[in-house]
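Quick notes on the structure that follows.
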Amino acid sequence: MATLLIRNARYIVSCDDKDTLWEHANLFIRDNVIEYIGERRMQADQCIDASDLILYPGLINTHHHLFRIFSRNLPEVQSMGLLPWLRALYGMWRHLDGESVYWSSLAGMGELLKSGCTTCLDHHYVFPAGVGDLLANQFRAAALAGMRFHAARGSMDLSEKDGALPPDSLVQSMDEILADSERLVKVWHDESRFSMRQVALAPCSLFSASADLMRESAALARRLGVRLHTHAAGTRDEERYVLERFGMRPAAYLATLGWTGTDVWYAHGIRLNDSDLHLLAETGTGVAHCPVSNMQRASGVCRVPEMLRLGIPVGLGSDGASSNLLEELRTAYLLHRLAAGTGAPDGYQLLKLATRGSAQLLGRDDLGALAPNMAADLFAVSLDKLALVGAQFDPKALLCTVGCGGPVDYTIVNGVAVVQKGELTTFDEARAAARANLAARRYLRR
Ligand SMILES: [Zn+2]
Numbered sequence: 001m002a003t004l005l006i007r008n009a010r011y012i013v014s015c016d017d018k019d020t021l022w023e024h025a026n027l028f029i030r031d032n033v034i035e036y037i038g039e040r041r042m043q044a045d046q047c048i049d050a051s052d053l054i055l056y057p058g059l060i061n062t063h064h065h066l067f068r069i070f071s072r073n074l075p076e077v078q079s080m081g082l083l084p085w086l087r088a089l090y091g092m093w094r095h096l097d098g099e100s101v102y103w104s105s106l107a108g109m110g111e112l113l114k115s116g117c118t119t120c121l122d123h124h125y126v127f128p129a130g131v132g133d134l135l136a137n138q139f140r141a142a143a144l145a146g147m148r149f150h151a152a153r154g155s156m157d158l159s160e161k162d163g164a165l166p167p168d169s170l171v172q173s174m175d176e177i178l179a180d181s182e183r184l185v186k187v188w189h190d191e192s193r194f195s196m197r198q199v200a201l202a203p204c205s206l207f208s209a210s211a212d213l214m215r216e217s218a219a220l221a222r223r224l225g226v227r228l229h230t231h232a233a234g235t236r237d238e239e240r241y242v243l244e245r246f247g248m249r250p251a252a253y254l255a256t257l258g259w260t261g262t263d264v265w266y267a268h269g270i271r272l273n274d275s276d277l278h279l280l281a282e283t284g285t286g287v288a289h290c291p292v293s294n295m296q297r298a299s300g301v302c303r304v305p306e307m308l309r310l311g312i313p314v315g316l317g318s319d320g321a322s323s324n325l326l327e328e329l330r331t332a333y334l335l336h337r338l339a340a341g342t343g344a345p346d347g348y349q350l351l352k353l354a355t356r357g358s359a360q361l362l363g364r365d366d367l368g369a370l371a372p373n374m375a376a377d378l379f380a381v382s383l384d385k386l387a388l389v390g391a392q393f394d395p396k397a398l399l400c401t402v403g404c405g406g407p408v409d410y411t412i413v414n415g416v417a418v419v420q421k422g423e424l425t426t427f428d429e430a431r432a433a434a435r436a437n438l439a440a441r442r443y444l445r446r
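Just so we're aligned, residue 1 is where the sequence shown starts under our numbering, counting upward by one.
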């Protein structure tokens, strides 16, 4: 049994049920679990002096597409609207293989860990024929990086021949999708407390998944006891498409397909009117808020203040736009201040959205807070730097009000310090960046 003591922390922002803010306290970890927080003097195998550090619960990313970091800065598509942008990118994504998925995942996970993110859900929905088990490459990268990883098995069964966007070569039949989803759950899904790997089922969107695929995926997920995730109510185009085709708004239509409930969360949830919001609140359906992506794609402003008031579960996501969750958190704060003024959530409410809220979306009551019997997932920021001079008076809000772009000083996942003094400990960052850039060039050249 290994023990780790984080001694004399300047502050511990616990995000626990009582919103406890500890000052000059010790946090004691046994193996992968927090055993004690308080002022008692303790001994441990390893010790970190935290007299200049603020400790926060690890941030949780509830919607990412790690493979898209290789195509995140291409001049030919930067200024396009959502649909032409997707059409252009599908032409590149068809060349994905095990190598590009592995290296984009490892690079993104390294960046996430350095920005205080300890758990990542990745929504992978592009499965070209004959490239092998792509999600196995993601789990392999997560094991090396030391990241807690949830894979959302994406799927598409509608293509150009059905009037949808994806090329015919990138979609799979419903039978193929369901069989592979069940296989992945059996191989990778660990539902135990403090689990490091889980699987969710995640048809891509109503644009590219048929009603049958949505219904059957929901039935399969409930039979297997895993969660359901999809893109929904993200754009005006989608709203118009669903209204014209099915005579209903996206959220109401998803409800008819079995896609509401406490085991379901949508990415984006921007185009939601008052009755849609009530539907989400009544059913406990959640939303992954992805502010940087929403601003970059000019999709609109998610109604986060109203969602929080109604008790809708909301978490934070990065949606392939970035892998820096501290930047997402700060952007969320600024975006809602701009849009809602004094009606916006405060900095601490947004921190709780990115920790407790995100954990709820993933169905994890062992993550999101620093308290005994919670997973030992946290990050620490030193107050002893120029960028944070004068910032110490409200540690709960600091990450939003002042901002801290990273790298953080420490990140601990499952009891292991994967970032120490701002550097990754699990792999060589410079070598991985060079190798990942090589993989990106090979993939884009195809
Ligand atoms: Zn997305």
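Think of the CB as a built atom: it goes at the ideal place given N, C-alpha and C, for glycine as much as any other residue. Please read all numbers here as calculations on a predicted model, not as lab measurements.
1. Can we count residue 122 as close to ligand 1, meaning its CB is less than 7 Å from some heavy atom?
2. Among 105, 251 and 390, which residue has its Cα nearest to the Cα of residue 267?
3. Determine which residues share a DSSP beta bridge with residue 28 and list them.
4. May I have the straight-line CA-CA distance separating residue 50 from residue 375, to the nearest angstrom?
5. For residue 87, which residues of its own chain have a beta-carbon under 8 Å away from its beta-carbon, when the five flanking residues on both sides are left out?
6. Which ranges would you report for the alpha helix (DSSP H) in the region 159-218 if only whole runs of at least 4 residues count?
7. Would residue 330 and residue 277 be called neighbours here (beta carbons separated by less than 8 Å)?
8. Shorter than 7 Å, the distance from the beta carbon of residue 319 to the closest heavy atom of ligand 1, or not?
9. With burial defined as no fewer than 16 other Cβ atoms inside 10 Å of the residue's Cβ, what is the status of residue 163: buried or exposed?
10. Taking 7 Å as the cut-off, is the C-beta of residue 202 nearer than that to any heavy atom in ligand 1?
11. Out of 270, 298, 260 and 303, point me to the one whose CA is closest to residue 282's CA.
12. Kindly indicate which three-state DSSP category residue 79 falls into: helix, strand or coil?
13. Any idea what DSSP makes of residue 274, helix, strand or coil?
14. Tell me the DSSP bridge mates of residue 11?
15. Could you tell me whether any non-hydrogen atom of ligand 1 is closer than 7 Å to the CB of residue 289?
16. Compare the beta carbon distance of residue 370 and residue 359 with 8 Å and say whether it is the shorter of the two.
17. Looking at ligand 1, does it come within less than 7 Å of residue 232, judged from the CB to the closest heavy atom?
18. Between which residues of its own chain and residue 473 is the CB-CB distance below 6 Å, once the five residues before and five after are set aside?
19. Quick one, which of 401, 2, 155 and 105 has its alpha-carbon nearest residue 231's?
20. Which value, in whole angstroms, describes the spacing of the CA atoms of residue 19 and residue 55?
21. For chain D, is any of its Cβ atoms less than 8 Å away from the one on residue 304?
22. Determine the burial state of residue 389: buried for a count of at least 16 other Cβ atoms within 10 Å of its Cβ, exposed for fewer.
23. Rounding to the nearest angstrom, what Cα-Cα distance links residue 249 and residue 423 in this structure?
24. Near residue 134, which residues of its chain fall below 6 Å by C-beta distance, leaving aside the five closest residues on each side in sequence?
25. Hey, how far is the Cα of residue 315 from the Cα of residue 12?
26. Rounded to whole angstroms, what's the CA-CA distance from residue 173 to residue 179? Just pull it up for me.
27. On a CA-only basis, which of 192, 325, 195 and 202 is nearest residue 182? Give me that one, please.
Looking at the atomic coordinates:
1. no
2. 251
3. 5 and 36
4. 19 Å
5. 165
6. 174-188
7. no
8. yes
9. exposed
10. no
11. 260
12. coil
13. helix
14. 23 and 54
15. no
16. no
17. no
18. This structure cannot settle anything about residue 473, because the visible part of the chain is limited to 1 through 446.
19. 155
20. 14 Å
21. The structure shown contains no chain D; it is built from a single protein chain.
22. exposed
23. 47 Å
24. 101
25. 21 Å
26. 10 Å
27. 202
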